[in-house]
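Before any comments, here is the structure.
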Amino acid sequence: AQSVSQHNHHVILSEAASLELGCNYSYGGTVNLFWYVQYPGQHLQLLLKYFSGDPLVKGIKGFEAEFIKSKFSFNLRKPSVQWSDTAEYFCAVGLYSSASKIIFGSGTRLSIRP
Amino acid sequence: DGGITQSPKYLFRKEGQNVTLSCEQNLNHDAMYWYRQDPGQGLRLIYYSQIVNDFQKGDIAEGYSVSREKKESFPLTVTSAQKNPTAFYLCASSIVMIDEQFFGPGTRLTVL
């Protein structure tokens, strides 16, 4: 069955540390890839997305993600985190098929120590 | 302002009662979705609709029902058959399926 895995459930970093959150999916066909963020008390919102083209995509607030097709991965990165990055991060994969669907990962809670 | 509204923000119901959660969008999107968010489980799809008067079950549709009589509206009814209804419910919409989704603020339902 198709699935999306976010192996890090809770990540704790200090300010200025580098961040990488993992996202892997199991599906051999064409995909759209997304990272969403949910700041405390706010709506879920799009951080960045990949549909085609350059596999390195840049999003809002200095985030970027790289699609590595051979590894079925779409990891999220930020070189230097800030306290305001404290949030929950969700990876999502849109599957192109006869019954197209989007699957969300279980989320990673990011806590930044000031 | 374009967006998605969900009401109410908090909802309390007694066990055994049906309850309907509202979701309205003015983004002119064809696709709409209902998710349930539980701690550590991410977003699980309850129902989705790609067009007016059509909807499909998601991964956890048992105990829920929906309607899509208007493009802008996609209400979710949590029935008494849902065994564990206390949760945070999110509505979303997108231009088409597997495109970027826009989310509402959510409704937190507590069944007492």
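Heads up: the sequence lines are chains A and B, in that order.
Numbered per our numbering, the first sequence spans residues 357 to 470.
Numbered per our numbering, the second sequence spans residues 170 to 281.
Glycine residues also receive a C-beta, built at the ideal position from the N, C-alpha and C atoms.
Cβ closer than 7 angstroms: which chain B residues qualify as neighbours of H365 (chain A)? G209
Is it buried or exposed for Y217 (chain B), if we count other Cβ within 10 angstroms and need 16 for buried? Under this definition Y217 (chain B) is a buried residue.
Q401 (chain A): first and last residue of the uninterrupted beta strand (DSSP E) it sits in: L400 to Y406
Selected residue, minimal CA-CA separation from F243 (chain B), among B:Q225, B:S249 and B:P254: B:Q225
How about the region 176–185 of chain B and the region 405–414 of chain A: do they share at least three Cβ pairs that are nearer than 8 angstroms? no
From the DSSP output, which residues share a beta bridge with S282 (chain B)? An answer regarding residue 282 (chain B) cannot be provided, because it is not within the stretch 170 to 281 covered by chain B.
As assigned by DSSP and simplified to three states, the class of G211 (chain B): strand
Taking the beta strand (DSSP E) that N388 (chain A) falls in, what are its first and last residues? V387 to Q394
Residues that E269 (chain B) contacts on chain A, provided the C-beta gap is smaller than 8 angstroms: F390, L402 and K405
Taking the beta strand (DSSP E) that T279 (chain B) belongs to, which residues open and close that run? T276 to V280 is the extent of the beta strand (DSSP E) around T279 (chain B).
Coarse secondary structure for G418 (chain A), derived from DSSP in three states: helix
Between which two residues does the beta strand (DSSP E) containing E184 (chain B) stretch? Segment: none, E184 (chain B) is in no beta strand (DSSP E) and carries neither H nor E.
Ordered along the chain, which non-local residues of its own chain (more than five positions away) have a Cβ less than 6 angstroms from that of S370 (chain A)? R469
Determine the chain A residues that contact P274 (chain B) at a beta-carbon separation under 7 angstroms, and present them in chain order. H399
Taking a contact to mean a Cβ-Cβ separation below 8 angstroms, would you say T442 (chain A) touches Q362 (chain A) in this structure? no
For R205 (chain B), tell me which candidate among B:Q186, B:E231, B:N197 and B:N187 has the shortest Cα-Cα distance. B:E231
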